[in-house]
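Engineer: No gaps in the numbering here: position 125 of the first sequence is 124 in numbering that gives the first Met the number 0, and each next residue is one more.
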Amino acid sequence: MDLWDIYKTLLNYFGKQNWWPGDSKLEICIGAILVQNTNWKNVEKAIENFKKLNLLPTDEKNYLKFAQKIYNLRNEKLKEIIKPCGFYNSKVKTIKNFLKFLIENKGFEELNKLSDKELRNKLISIKGIGNETADAIMLYVFNRASFVISNYTIRILKRHGIELKNYVEYKNFIEIKIPKDIEVYKEFHALLVEVGKNFCKKLNPICEKCPINFYL
DNA sequence: TACCAGGTCCTCG
DNA sequence: CGAGGACATGGT
């Protein structure tokens, strides 16, 4: 199985995905937390709720003020805003943990001075942010070459006979097989999500129509 | 109706 | 460690 061939095949099939959707880095971070084990459609509802209340910026300007505004919300209010995403009790805490971290570290610009390893370690030490969310923020917010492994990716690899021990092993497996290129990382992760949603479904995979069934 | 979704944490062995 | 359960709403 050649992962690079798979990447090119998927890019050709689905087209460029241009992830991560959102008007600002702050929005991407919050979206990455909210989407944990839920549907992106649910996240869109929550993001709309934030924007209606003027709690998220439409560009990168003054994002720390917006971060502070969200942080200052009472938990019950924040819960109400993110309710459509499910798991709101834990996600409220995760969002606040992250915002506290962002504000205390004086924003993305300061954090961006850290090395890849330092930054990832800091992100992952925030309660509620695990491997995948940390990598999503690394890649789509800080533009670091840190490949994001979703459950879709693991399922797809397993169905192609790749059975590894844990998240980091899957991450390393992919990273050593494709060019260390930010845009490739961004697109490939998004494309694998499309494969998962459209073909590599949990219960009834549609392998006959899958663009990468050639590599099975 | 059940099951699934762009996970993470906690508890037990 | 690693397996297994809890967390919760919305769509099919």
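Heads up, the beta-carbon is just placed ideally off N, CA and C, and yes, glycines get one too.
Using only alpha-carbon positions, find the residue among 58, 97, 36, 210 that is nearest to residue 194.
Structural biologist: Counting from 1 along the first sequence, the entry for residue 194 is found at position 195. Comparing Cα positions, the closest option is 210.
Engineer: From this set, 214, 134, 37, which residue's C-alpha is nearest residue 167's C-alpha?
Structural biologist: As a position in the first sequence, residue 167 is number 168, starting the count at 1. Residue 167 has its Cα closest to that of 134, out of 214, 134, 37.
Engineer: According to DSSP, is residue 162 helix, strand or coil?
Structural biologist: By one-based count along the first sequence, residue 162 stands at place 163. In this structure, residue 162 counts as coil in the three-state DSSP scheme.
Engineer: Measuring CB to CB, does residue 125 end up less than 7 Å from residue 96?
Structural biologist: Within the first sequence, numbered from 1, the residue matching residue 125 stands at position 126. Within the first sequence, numbered from 1, the residue matching residue 96 stands at position 97. Their beta carbons are under 7 Å apart, which means residue 125 touches residue 96 by this criterion.
Engineer: From the DSSP output, in three-state form, read off residue 49 for me.
Structural biologist: For the purposes of this step, residue 49 is identified with residue 50 of the first sequence, where counting begins at 1. Note: residue 49 maps to helix in three-state DSSP.
Engineer: Rounded to whole angstroms, what's the CA-CA distance from residue 15 to residue 202? Just pull it up for me.
Structural biologist: For the purposes of this step, residue 15 is identified with residue 16 of the first sequence, where counting begins at 1. For the purposes of this step, residue 202 is identified with residue 203 of the first sequence, where counting begins at 1. Distance between the alpha carbons of residue 15 and residue 202 is about 27 Å.
Engineer: With distances taken between CB atoms, is the gap from residue 66 to residue 101 smaller than 7 Å?
Structural biologist: Within the first sequence, the letter at position 67 stands for residue 66. Within the first sequence, the letter at position 102 stands for residue 101. In contact: residue 66 and residue 101 (Cβ atoms closer than 7 Å).
Engineer: Have a look at 78, 59, 6 and flag the residue whose alpha-carbon is nearest the alpha-carbon of residue 49.
Structural biologist: In the first sequence, counting from the first residue as 1, residue 49 sits at position 50. The shortest Cα separation from residue 49 among 78, 59, 6 belongs to 78.
Engineer: With a floor of 4 residues, list each alpha helix (DSSP H) that falls wholly inside the region 123-155, ordered by position along the chain.
Structural biologist: DSSP runs (the alpha helix (DSSP H)) wholly in the region 123-155: 130-139.
Engineer: Would residue 144 and residue 181 qualify as a contact pair, given that the criterion is a beta-carbon distance under 7 Å?
Structural biologist: As a working mapping, residue 144 is identified with position 145 in the first sequence. As a working mapping, residue 181 is identified with position 182 in the first sequence. A contact, by the Cβ cut-off of 7 Å.
Engineer: For residue 119, count the other beta carbons within 10 Å of its own beta carbon; 16 or more makes it buried, fewer makes it exposed. Which is it?
Structural biologist: Counting from one through the first sequence, the residue named residue 119 turns up at place 120. Flag for residue 119 reads buried.
Engineer: Report the option in 205, 198, 170, 204 whose CA atom is closest to the CA atom of residue 188.
Structural biologist: For the purposes of this step, residue 188 is taken as residue 189 along the first sequence, with counting starting at 1. The candidate whose alpha carbon is nearest that of residue 188 is 170.
Engineer: Apply the 10 Å Cβ neighbour rule to residue 173 and answer buried if 16 or more other Cβ atoms are within range, or exposed otherwise.
Structural biologist: Along the first sequence, one-based indexing puts residue 173 at 174. It is buried - the Cβ of residue 173 has at least 16 other Cβ atoms within 10 Å.
Engineer: Three or more C-beta pairs closer than 8 Å, one from the region 31-42 and one from the region 53-60: is that the case here?
Structural biologist: Counting Cβ pairs under 8 Å, fewer than three are found: no touch.
Engineer: Is it buried or exposed for residue 227, if we count other Cβ within 10 angstroms and need 16 for buried?
Structural biologist: Look at the range of the chain in this structure, 0 to 215, and you will see that residue 227 is not part of it.
Engineer: Return the chain-ordered list of same chain residues with a C-beta closer than 8 Å to the C-beta of residue 58, the five sequence neighbours on each side being excluded.
Structural biologist: Taking the first sequence and counting its residues from 1, one reaches residue 58 at position 59. 22, 23.
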